[in-house]
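Below you'll find the structure, written out as structure tokens, and then a few comments.
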Amino acid sequence: MRRWNGWGDDTIDFPLPGGAQLFLEQRLGKPTPLPDASFEDVMAMVPPSRLPDHPLIVKTPSDRILHARGQSLPDWLALRSGKLGSFPDGVAYPASPDEVRALVAFMKDLDGVLIPYGGGTSVVGHINPPGTDRPILTVDLRRMNRLLNLDLESHIATFGAGASGPDVESQLRAHGYTLGHYPQSFEFSTLGGWIATRSSGQQSLGYGKIERLFAGGTMETPSGPLEIQDFPASAAGPDLREIVMGSEGRLGILTNVKMRVSPLPPRESFRVFFCPHWDSGCEALRKIVQSGIPLSMLRLSNATETETQLALAGHEKAVRLLERWLAFRGAGVQKCMVTVGITGTRRLHRTALKEASRIFREEKAVHAGRYLGRTWKEHRFRAPYLRNSLWERGYCVDTLETAVNWDRVSLLMAAVESALTAALVGEREKVLVFSHLSHVYSQGSSIYTTYLFRAADTYETTLSRWRRLKKAASESIVQHGGTITHHHGVGTDHAPYLVSEKGPLGINAIKALCQTFDPDGLMNPGKLVS
Ligand SMILES: Cc1cc2nc3c(=O)[nH]c(=O)nc-3n(C[C@H](O)[C@H](O)[C@H](O)COP(=O)(O)OP(=O)(O)OC[C@H]3O[C@@H](n4cnc5c(N)ncnc54)[C@H](O)[C@@H]3O)c2cc1C
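Each number in the working numbering comes from the position in the sequence shown (counting from 1) with 225 added on.
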């Protein structure tokens, strides 16, 4: 069963390896865990529902708790403390576009609020019910998870928008196809959520961000259904897909979606290289992507992330040996790990590896072989489970991401890291900060930063620590010309910073779209733009 106040399936654990506790204590100090509320405690706090009965709506306290929060750190703090504040008044699990349409009409008559819900893996407050006098209905699309059609000639698959990563891949693989979209939340996040937040998968370099994969579909809006046709390309004015992508539930509910799929690749491998330092790693990634070498993934960890990952991997003896060997080959304390994915025909595989290796050699990188790459693949969705173990010890972990042109990548990464490192100095608290580049483009790259800090002695103080950290990092991103988000989306947490990149006119244009599709303000109010 899925954990109600943490990450993932409750039969899966990722305990902290032996040396990791010491590693963290040395960097952050000894932690003290906060006490968790029980599910029963929270059940007792759920207020009576304000929704009238409806055959498609469930109003049990447990369904309402399970849809009350996403996966951001403030969401975790709310769930773990039991202080959730607001709950949806009911949850619907429609099985067809007609049922979605009926729910939209029902809530329109009631002057209520509708929150589209995919997998609830948002990390920026997308699906949290607002404090309002209006009744709130969360629409969970999980039953609309089927492959409805697979056009083998055009490579277009039509799915119910509630299909999760495993739903999508298992149904496509049965026909020899793949979507190739693997966000780290793959186990639970859904097609509708990926499109509505402009998600990016781990192999976006090969398969593309969701923008490249989403071909068209249907969105039920309070103003009626919006049909987007799946042309291979079109010059017929502005692209309506661009309106739907990133709409964050503000315009309507995606029901059926058409996705561009590919035949399963004959060969796929992941390998690890170590660059002697950050600059050589950046240079290698930039050269590789700008020369168009067809890799499916490139991920460069900075020196602190490399050190932390090796410390958290366990296998202390093997890691010591590896580090000695790498130092002997010129990749010492400043070494930066690069994980490379190659996906395609055998011939493409050979050529891509040869060309990429040539550039890595120019940058004095050491090829560490396929074992670490295989291990990365096996554990590609496991790292988030570490959040549970860290929490149990008393450590909080959060991530944030941005993107910027190559000329500012290193500058922005350093600025965000120092803003985070300095944010809790007034409290004499340390923050462990590290970053990687994982979605690279000819023009620039995303920057993904992870930060860990100790929980304070109360939930309120821990939340105010997080607020200081998030504000410092977000202001630094804006100040240094990065986008406020490369793939997590805006939700509530990034909304205050949106105007600095869209401008007042841009924000008004987004609000005008909301007004067109949802004149009465039913759809997910308070998210994206207020
Ligand atoms: C551990 C972890 C790892 C993550 N890794 C990644 C990653 O690698 N890449 C990445 O891009 N993101 C990642 N995320 C963030 C998150 O998974 C994505 O934002 C994802 O796209 C959300 O999908 P979901 O189905 O869970 O949507 P939800 O969280 O349920 O909803 C997100 C938003 O989409 C809207 N929405 C959902 N379904 C529909 C629909 N059918 N129609 C209209 N609107 C809809 C909701 O109203 C909401 O505004 C991660 C999150 C976690 C917790």
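Every residue gets a Cβ at the ideal spot worked out from N, C-alpha and C, and that includes glycine.
If we call anything under 8 Å between Cβ atoms a contact, is residue i one with residue j?
i, j, result
"Phe498", "Val591", "yes"
"Ser306", "Tyr684", "yes"
"Thr570", "Arg485", "no"
"Ala639", "Thr708", "no"
"Val364", "Leu404", "no"
"His406", "Tyr342", "no"
"Ser287", "Pro354", "no"
"Leu281", "Pro319", "yes"
"Asp370", "Asp392", "Sequence inspection shows Asn at residue 370; the Asp mentioned does not correspond to that position. Taking 8 Å as the Cβ cut-off, Asn370 and Asp392 qualify as a contacting pair."
"Gln409", "Gln428", "no"
"Val641", "Ile702", "yes"
"Gln454", "Pro501", "no"
"Phe767", "Ala536", "Here the chain comprises residues numbered 226 to 755, so residue 767 is not present and cannot be evaluated."
"Tyr402", "Pro488", "yes"
"Ile468", "Leu723", "no"
"Ala581", "Leu520", "yes"
"Pro242", "Ala538", "yes"
"Arg690", "Ala681", "yes"
"Lys589", "Gly555", "yes"
"Val656", "Phe678", "yes"
"Leu645", "Tyr666", "no"
"Thr443", "Glu452", "yes"
"Gly714", "Arg423", "yes"
"Pro360", "Arg275", "yes"
"Glu626", "His712", "yes"
"Gly477", "Ser414", "no"
"Leu688", "Leu302", "yes"
"Ser425", "Gly716", "no"
"Thr600", "Tyr673", "no"
"Ile513", "Ile420", "no"
Just to check my reading of the structure: residue i and residue j have Cβ atoms closer than 8 Å, yes? What is that Cβ distance to the nearest angstrom?
i, j, result
"Tyr610", "Asp238", "7 Å"
"Gly510", "Leu525", "According to the sequence as given, residue 510 is Leu; it is not Gly. 5 Å between Cβ atoms; contact."
"Lys752", "Glu473", "5 Å"
"Leu362", "Gly337", "6 Å"
"Thr529", "Phe659", "4 Å"
"Gly757", "Glu412", "Residue 757 falls outside the range modelled here, since the chain spans only 226 to 755, and no answer is possible."
"Val283", "Gly315", "6 Å"
"Val482", "Ala386", "5 Å"
"Ser670", "Val634", "5 Å"
"Asp235", "Pro447", "37 Å between Cβ atoms; not a contact."
"Ser614", "Pro240", "5 Å"
"His719", "Val349", "6 Å"
"His400", "Leu375", "6 Å"
Determine which residues share a DSSP beta bridge with residue i and list them.
i, result
"Phe498", "Val563 and His592"
"Ser667", "Looking at the DSSP assignment, Ser667 forms no beta bridge with any residue, so it has no partner."
"Asp234", "Arg227"
"Asp376", "Ile381"
"Thr363", "Val316 and Ile340"
"Gly449", "Thr446"
"Gly569", "Arg492"
"His604", "Answer is none; His604 lacks a bridge partner."
"Arg466", "None; Arg466 has no bridge partner."
"Glu532", "Looking at the DSSP assignment, Glu532 forms no beta bridge with any residue, so it has no partner."
"Asn829", "This structure gives no information on residue 829, because the portion of the chain shown stretches from 226 to 755."
"Val715", "Paired residues: none, contrary to the question."
"Gly441", "Lys483"
"Asp623", "Tyr676"
"Tyr402", "Pro488"
"Met748", "Leu339"
"Asn733", "DSSP lists no partner for Asn733."
"Ile282", "Ala317"
"Ala628", "Ser671"
Counting along the chain, where does the beta strand (DSSP E) carrying residue i start and finish?
i, result
"Ala382", "Ile381 to Gly385"
"Ser660", "Leu657 to Leu662"
"Arg524", "Met522 to Ser526"
What are the start and end residues of the alpha helix (DSSP H) that includes residue i?
i, result
"Asn353", "Asn353 -> no alpha helix (DSSP H), and no H or E assigned at all."
"Gly418", "Leu416 to Thr422"
"Val703", "Tyr684 to Gln704"
"Asn370", "No alpha helix (DSSP H) holds Asn370; DSSP gives it neither H nor E."
"Ser635", "Val634 to Ala648"
"Glu617", "Leu611 to Arg618"
"Arg305", "Leu298 to Ser306"
"Phe239", "Unbroken run through Phe239: none, as it is neither H nor E."
Does any residue of chain B bring its CB to less than 8 Å from the CB of residue i?
i, result
"Leu625", "Going by chain labels, chain B is absent from the structure shown, which holds only one protein chain."
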